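Quick note on this note's numbering: the sequence shown kicks off at 8 and runs consecutively. First the structure, in the form of structure tokens, and then the observations on it.
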Amino acid sequence: MRSIDWEMMPYFLAVARCGSLRSAANLLNVNYGTLNRNVQALEASYGTRLFHRSRQGFTLTDAGLALLPLAESGEETLQKARRQVEGLDRTESGKIRFSLPHMLGYDVVAPIISKFQTQYPDIQIEIRLTSTIENISAGATDVALRAAYEINDDVVARKLFPMAVSIYASKTYIENAFPGVGISGAGLDWIGLPGDLENKNWLNRTGFPDARIRHVVDDGYMRLSLLRQGCGMAYLPVVFESIFDDVCKVPNAETTFIQNLWIVLHEDLGRTVRVRRFVDFLTKELLAMKSSMQGEIRQN
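Take a look at the structure:
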């Protein structure tokens, strides 16, 4: 492939994997126009369409399907070279790309990063908060904190512990809304997730089947913020009860264990000193929080 092809190939791969320009632009952290121009330029350089365009998104043409394995092979070769070079690093310095869910970033992991920074001042953490599982094997990130039942990728995965959730509301909301509420929860409000309005079967398992879904929020931290403003009740990781005094478990709510918490990294990067130091530090700090993340004790 020509040099111009290699420069445009990440744009081709992102659109092929995401199925839309906007999602691919978000993945690469570039603007829509830049991505579109590069895809069009790549098609022009080959003299053929690589994607079918429709309202449903982008799908690969026969030419695109033929190019895909070649592009992926080239990407893997470049990523392998990068990992091997970075794997030679033996100093407590340099950059680590770290991705984690929004919900755990601000109040759970941020204090850990602060402690780590004090101990290792020459290691820079490039943090990406994302609700998607980034591809470590393809070099999308170096280290990831994931909530998942199992990790099946070709990576090194440290299983920490299962996290727990329960139903929470603000202290004020519980004091004002719960007195006089019937056993079915009529008169109470939920702050729900996308899809909750279409499928309400989950309500029957909450103990409040007659509570209405007042708001639907796709971001966990926004859901927490609305809850703290007294907008209703929501499922939250139990760790927030130990962090915020105004976040309280609603009466008769049960604690449920859900997905496991994992620290994931690429095997090649595990040999670098800076990554080992970060992963070991993160593991130690999160294990120290196990009880509060499972609802057993409150943090000081």
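Yeah, the Cβ is synthetic: ideal placement off N, Cα and C, and Gly gets one too. The structure presented is a predicted model; accordingly, all values stated were derived computationally and were not measured.
Legend entry - Proximity of residue 172 and residue 199 at Cβ, strictly below 7 Å: no
Legend entry - First through last residue of the beta strand (DSSP E) which encompasses residue 106: 101 to 107
Legend entry - Check whether residue 237 and residue 177 have beta carbons under 7 Å apart: yes
Inset, instruction - Decide if the segment 264 to 277 is in contact with the segment 150 to 165; the criterion is three or more beta carbon pairs, one per stretch, under 8 Å apart. - result: Yes, the segment 264 to 277 touches the segment 150 to 165.
Inset, instruction - Kindly confirm or deny that the segment 47 to 61 and the segment 12 to 26 touch, where touching means at least three C-beta pairs closer than 8 Å. - result: yes
Inset, instruction - Quick one: residues in its chain with C-beta nearer than 6 Å to the C-beta of residue 297, no 5 flanking neighbours on either side, listed in chain order? - result: Closer than 6 Å at Cβ, skipping near neighbours: 168.
Inset, instruction - With DSSP collapsed to three states, give me the class of residue 87. - result: helix
Legend entry - Proximity winner among 241, 99, 148, relative to residue 126 (alpha-carbon distances): 99
Legend entry - Through-space distance from residue 260 to residue 314, alpha-carbon basis: Residue 314 is absent from the structure shown; the chain starts at 8 and stops at 307.
Inset, instruction - Tell whether a beta-carbon distance below 7 Å holds between residue 65 and residue 37. - result: no
Legend entry - Distance between residue 77 and residue 225 (C-alpha atoms, nearest Å): Approximately 36 Å between the Cα atoms of the pair.
Inset, instruction - Identify every residue that forms a DSSP beta bridge with residue 153. - result: Beta-bridge pairing links residue 153 to 269.
Inset, instruction - Answer yes if the segment 193 to 211 comes into contact with the segment 280 to 292, meaning at least three C-beta pairs across the two stretches below 8 Å, and no otherwise. - result: no
Inset, instruction - Kindly indicate which residue of 212, 220, 20, 147 has the alpha-carbon position closest to the one of residue 87. - result: 147
Legend entry - Nearest to residue 194 (by Cα), restricted to the options 165, 216, 206, 179: 216
Inset, instruction - Find the nearest neighbour of residue 73 within the set 56, 62, 115, 293, judged by alpha-carbon distance. - result: 56
Legend entry - Sequence-distant residues of the same chain with beta carbon closer than 6 Å to residue 244, five excluded per side: Cβ-Cβ distances below 6 Å link residue 244 to 170, 172 in the same chain, with the five nearest sequence neighbours on each side left out; the list follows chain order.
Inset, instruction - Could you tell me which residues DSSP pairs with residue 125 in its beta bridges? - result: Partner(s): none; residue 125 has no beta bridge.
Inset, instruction - Buried or exposed for residue 230, please, with buried defined as at least 16 other CB atoms from any protein chain shown within 10 angstroms of its CB. - result: buried
Inset, instruction - Determine the direct distance from the alpha carbon of residue 71 to that of residue 24, and round the result to whole angstroms. - result: Cα-Cα distance, rounded: 12 Å.
Inset, instruction - Check the DSSP bridge columns for residue 147 and list the partner residues they point to. - result: Per DSSP, none; premise fails for residue 147.
Legend entry - CA nearest to the CA of residue 213, picked from 287, 299, 174: 174
Legend entry - Bridge partners - residue 137, DSSP secondary structure assignment: Under DSSP, no beta-bridge partner is assigned to residue 137.
Inset, instruction - Just the C-alpha distance for residue 44 and residue 19, rounded to the nearest angstrom, thanks. - result: 11 Å
Inset, instruction - With DSSP collapsed to three states, give me the class of residue 69. - result: helix
Legend entry - Rounded separation between residue 276 and residue 149 - CA only: 7 Å
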